[in-house]
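>
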Amino acid sequence: MKSLMYSILIVLMLTAPAIASDWKMFQNDEVHSGFSADVVSPPLVLKWTRDLGSKTDSSPIFVGGVVYIGSNGGIHAIDAGTGRQLWATTTNGFVRSIPAVSDGTLYIGADDKRFYAIDIKDGSIKWINKNATDGFLSSPVVIGNMAYAGSKDGGVYAFNVKTGELLWNYPTGKAVDTSPAYFEGTLFVGNDNGNIYAIDAITGKEIWHYNSGLSEIKASATISNGMVIIGSNNGNIYAFPVEKSTPKWTFSTSNNVEASPSVKEGTIFIGSKDSNFHAIDLGTGKSKWSYQAAGYIDASAAISNDIVYFGSHNNMVYALDTSTGKVLWKNSTGTGTDDYITTPAISGNMLYVVTHSGRVYAFASSGEATTIPAPTATAAKPVITQTPSPTVTGTAPTPGATSAATKSPGFEYAGLILLIAVLIRSIERKH
Numbered sequence: 000m001k002s003l004m005y006s007i008l009i010v011l012m013l014t015a016p017a018i019a020s021d022w023k024m025f026q027n028d029e030v031h032s033g034f035s036a037d038v039v040s041p042p043l044v045l046k047w048t049r050d051l052g053s054k055t056d057s058s059p060i061f062v063g064g065v066v067y068i069g070s071n072g073g074i075h076a077i078d079a080g081t082g083r084q085l086w087a088t089t090t091n092g093f094v095r096s097i098p099a100v101s102d103g104t105l106y107i108g109a110d111d112k113r114f115y116a117i118d119i120k121d122g123s124i125k126w127i128n129k130n131a132t133d134g135f136l137s138s139p140v141v142i143g144n145m146a147y148a149g150s151k152d153g154g155v156y157a158f159n160v161k162t163g164e165l166l167w168n169y170p171t172g173k174a175v176d177t178s179p180a181y182f183e184g185t186l187f188v189g190n191d192n193g194n195i196y197a198i199d200a201i202t203g204k205e206i207w208h209y210n211s212g213l214s215e216i217k218a219s220a221t222i223s224n225g226m227v228i229i230g231s232n233n234g235n236i237y238a239f240p241v242e243k244s245t246p247k248w249t250f251s252t253s254n255n256v257e258a259s260p261s262v263k264e265g266t267i268f269i270g271s272k273d274s275n276f277h278a279i280d281l282g283t284g285k286s287k288w289s290y291q292a293a294g295y296i297d298a299s300a301a302i303s304n305d306i307v308y309f310g311s312h313n314n315m316v317y318a319l320d321t322s323t324g325k326v327l328w329k330n331s332t333g334t335g336t337d338d339y340i341t342t343p344a345i346s347g348n349m350l351y352v353v354t355h356s357g358r359v360y361a362f363a364s365s366g367e368a369t370t371i372p373a374p375t376a377t378a379a380k381p382v383i384t385q386t387p388s389p390t391v392t393g394t395a396p397t398p399g400a401t402s403a404a405t406k407s408p409g410f411e412y413a414g415l416i417l418l419i420a421v422l423i424r425s426i427e428r429k430h
């Protein structure tokens, strides 16, 4: 009996799916690394796709088995395993940025000049801040009890995450479309004046700034090994020590750099509107390799272990070897010549990508058990209500079904393995 139990336990451990890590904000973390240790190995297979019903410039995040994404209709919560919409919260403006989730609350700004806190369980509004005088394109970052985001009014805002109270606002003088990166008490952002700022995250006081010229900064910063890396619409990529405003090196491309860097073990991965995707040595600023895509690149990459994934304006998703730049897999998505791919998200063995036309794609590693594809979900087009109070619409759960927001396959396997281990221990005690 005991040997049988051991055999079952070994089989379960070998066949159990990897427990998916969360991807809680733009580029996964507060330093915008764009890196996940979860392994998504090409070639990939399409598991499901979903139409949001409206266009989007947002990118997906993943928390607890649920994909969250913004659109011209508001915020959508989608079952990561099936593509079924769990709820949708309508805002009074386009949600162009990427949400951030912390302690059960989703934070996001919209074109309606409002910054929202939304309960991830049901999409209900916890609070709304209306201090901004223009909309939000900046993706928020949440640190402790503070949420930070930039606005098109030129301000960098800090909100209390529990109450929505405005704690401070640093005025830069021009639109801040970039997401604040956070490192050891300092925020790093760029604005449309070509300025790059280091701001004290507690007080909102400027520590330093650097002017890159008249070109706009549309790319968010990434921080690694004590360096701040950021691109500019003048075609340059800059690397600064976190404590001072003098660039250590500058890497030049031939067009706007609106994608934010992703980083792994001393190598920066970033695309440009010249259609080239670059691997750059973080220490020296020298090129390691480059790959020319069929369309220009203005969205950030996601790194899964030794593979870097990114999308381009030819409706393609690419997977490249991080060491060599070799193409390992590519796939056509989207609709129409003007469609494009936003920044991907990685969780478990899954890659989630979204197109500007509003279609979400969930790809899985082909080596995983996905022989029976999940049904393709179809969404009704969200209705934008121009009323002061945003609305929430939910999808009633199927009787007996469990939402992916509260349960995922990894936990089922873990529970079964634990039960068998307890039984084995009980048998050992009796003998």
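Mapped onto numbering that gives the first Met the number 0, the consecutive letters of the sequence shown carry residue numbers 0 to 430.
We put the beta carbon where it would ideally sit given N, CA and C, even for glycine.
Which one of V62, E29, V39, Q26 has the shortest CA to CA distance from S364?
Locating residue 364 in the sequence shown gives position 365, where the first residue counts as 1. Of the candidates V62, E29, V39, Q26, the one whose C-alpha sits nearest the C-alpha of S364 is V39.
> Buried or exposed: which applies to L213, given that a residue is buried once 16 or more other Cβ atoms fall within 10 Å of its Cβ?
Along the sequence shown, read from residue 1 onward, the residue named residue 213 stands at position 214. Looking at its Cβ environment, which holds fewer than 16 other Cβ atoms inside 10 Å, L213 is exposed.
> For a quick check, are the C-beta atoms of N190 and G153 less than 9 Å apart?
Translated into the one-based positions of the sequence shown, residue 190 becomes position 191. Translated into the one-based positions of the sequence shown, residue 153 becomes position 154. Yes, the pair counts as a contact, with Cβ atoms nearer than the cut-off.
> At what residues does the beta strand (DSSP E) containing H208 begin and finish?
Numbered from 1 along the sequence shown, position 209 holds the residue referred to as residue 208. Note, H208: beta strand (DSSP E), 205-210.
> Please state whether DSSP places P374 in a helix, a strand or coil.
Within the sequence shown, the letter at position 375 stands for residue 374. Residue placement at P374 is poorly supported in this model, since its pLDDT is 28, which falls under 50; the coordinates are not used for a value here.
> Pull up the distance between the alpha-carbon of N194 and that of V241, whole angstroms please.
Position 195 of the sequence shown, counting from 1, holds the residue named residue 194. Position 242 of the sequence shown, counting from 1, holds the residue named residue 241. Spanning the two alpha carbons is a distance of roughly 15 Å.
> Just curious, the beta strand (DSSP E) that P41 is in, first and last residue?
In the sequence shown, the residue the question calls residue 41 occupies position 42. Unbroken run through P41: none, as it is neither H nor E.
> Alpha carbon to alpha carbon, how far is D110 from G73? Give it in angstroms, no decimals.
The sequence position of residue 73 within the sequence shown is 74, counting from 1. The sequence position of residue 110 within the sequence shown is 111, counting from 1. Each residue's alpha carbon lies about 10 Å from the other.
> Would you call the region 94-112 in contact with the region 47-64, where contact means no fewer than 3 C-beta pairs closer than 8 Å?
Result yes; three or more Cβ-Cβ pairs closer than 8 Å.
> Check this for me: beta carbons of G69 and W126, under 9 Å apart or not?
Here residue 69 refers to the residue found at position 70 when the sequence shown is read from its first residue. Here residue 126 refers to the residue found at position 127 when the sequence shown is read from its first residue. Not a contact, by the Cβ cut-off of 9 Å.
> Do three or more CB pairs link the region 125-141 to the region 72-87 at distances below 8 Å?
The answer is no - the region 72-87 does not touch the region 125-141, with fewer than three Cβ pairs under 8 Å.
> Between which two residues does the beta strand (DSSP E) containing S223 stretch?
Position 224 of the sequence shown, counting from 1, holds the residue named residue 223. S223 -> beta strand (DSSP E) spans 221-223.
> Between T104 and G33, what straight-line distance do the alpha-carbon atoms span, to the nearest angstrom?
Sequence index remark: in the sequence shown, residue 104 carries index 105 (1-based). Sequence index remark: in the sequence shown, residue 33 carries index 34 (1-based). Rounded to whole angstroms, T104 to G33 spans 21 Å at the Cα level.
> Would A258 and I222 qualify as a contact pair, given that the criterion is a beta-carbon distance under 9 Å?
Along the sequence shown, one-based indexing puts residue 258 at 259. Along the sequence shown, one-based indexing puts residue 222 at 223. Against a cut-off of 9 Å, the Cβ pair of I222 and A258 comes out as no contact.
> Looking only at its own chain, which residues have a Cβ that is under 7 Å from the Cβ of I206, when we skip the five neighbours before and after it?
For this step, residue 206 is matched to residue 207 along the sequence shown. Result list for I206: T185, A197, I198, D199, in chain order.
> What residue from I142, Y147, S251 has the CA that sits closest to L136's CA?
What you label residue 136 is simply residue 137 of the sequence shown in a count that begins at 1. Looking at the Cα atoms, Y147 is the closest of the given residues.
> Report the CB separation of A298 from Y308 in whole angstroms; it is logged as a contact under 8 Å.
Your numbering for residue 298 matches position 299 in the sequence shown. Your numbering for residue 308 matches position 309 in the sequence shown. Not really, about 11 Å apart at Cβ, beyond 8 Å.
> Just the Cα atoms here: how many angstroms apart are M226 and F239?
For this step, residue 226 is matched to residue 227 along the sequence shown. For this step, residue 239 is matched to residue 240 along the sequence shown. M226 and F239: Cα-Cα distance of roughly 5 Å.
> What does the Cβ neighbour count give for P170, buried or exposed, with the cut at 16 atoms within 10 Å?
Against the sequence shown, residue 170 aligns to sequence position 171. Burial call: exposed.
> Using only CA atoms, which one of G357, G122, V316 lies nearest to L45?
Counting from 1 along the sequence shown, the entry for residue 45 is found at position 46. Of G357, G122, V316, the residue nearest in Cα terms is V316.
> With distance defined between alpha-carbon atoms, name the residue in N235, K173, K272 nearest to K247.
By one-based count along the sequence shown, residue 247 stands at place 248. It is N235.
> Express the C-alpha separation of V175 and T283 in angstroms, rounding to a whole number.
Here the question's residue 283 lines up with position 284 in the sequence shown. Here the question's residue 175 lines up with position 176 in the sequence shown. Distance between the alpha carbons of T283 and V175: 29 Å.
> Under 7 Å Cβ to Cβ from S388, same chain only, skipping five residues before and after it: list those, please.
For the purposes of this step, residue 388 is taken as residue 389 along the sequence shown, with counting starting at 1. Annotation note: pLDDT 46 at S388 (below 50); position unreliable, no value reported.
> If we define contact as Cβ-Cβ less than 9 Å, is K129 a contact residue for chain D?
Among the chains of the structure shown, chain D does not appear; only one protein chain is present.
> Check for me: the beta strand (DSSP E) holding D320 runs from which residue to which?
The residue you call residue 320 lines up with position 321 of the sequence shown. Counting along the chain, the beta strand (DSSP E) containing D320 begins and ends at 315-320.
> With the cut-off set at 9 Å, would you say T252 and Q26 are in Cβ contact?
Taking the sequence shown and counting its residues from 1, one reaches residue 252 at position 253. Taking the sequence shown and counting its residues from 1, one reaches residue 26 at position 27. No, the Cβ-Cβ distance between T252 and Q26 is not below 9 Å.
> Report buried or exposed for G265, applying the criterion of at least 16 other Cβ atoms within 10 angstroms of its Cβ.
As a working note, residue 265 is residue 266 in the sequence shown. Its Cβ having fewer than 16 others within 10 Å, G265 is exposed.
> Of the choices S356, W288, H31, M349, whose alpha-carbon is the least far from that of P41?
As a first step, residue 41 is located in the sequence shown; it is residue number 42 there, counting from the start. Taking only the C-alpha atoms, the option nearest P41 is M349.
> Tell me, to the nearest whole angstrom, how far the beta carbon of G80 is from that of R49; I am working on the premise that it is less than 8 Å.
The sequence position of residue 80 within the sequence shown is 81, counting from 1. The sequence position of residue 49 within the sequence shown is 50, counting from 1. Contact doesn't hold; Cβ gap of about 12 Å is too wide.
> Do you know offhand how far E183's Cα is from E29's?
As a first step, residue 183 is located in the sequence shown; it is residue number 184 there, counting from the start. As a first step, residue 29 is located in the sequence shown; it is residue number 30 there, counting from the start. Between E183 and E29, the C-alpha separation is close to 10 Å.
> Compare the C-alpha of R358 against each of W47, V188, F158, S138 and name the closest.
Sequence index remark: in the sequence shown, residue 358 carries index 359 (1-based). The shortest Cα separation from R358 among W47, V188, F158, S138 belongs to W47.
> Quick one: grab the DSSP three-state call for I18.
As a first step, residue 18 is located in the sequence shown; it is residue number 19 there, counting from the start. Note: I18 maps to coil in three-state DSSP.
> Please state whether the Cβ-Cβ distance between S286 and D305 is less than 9 Å.
For the purposes of this step, residue 286 is taken as residue 287 along the sequence shown, with counting starting at 1. For the purposes of this step, residue 305 is taken as residue 306 along the sequence shown, with counting starting at 1. Contact flag unset, no.
> Could you give the DSSP three-state label for H75: helix, strand or coil?
The residue given as residue 75 occupies position 76 in the sequence shown. Note: H75 maps to strand in three-state DSSP.
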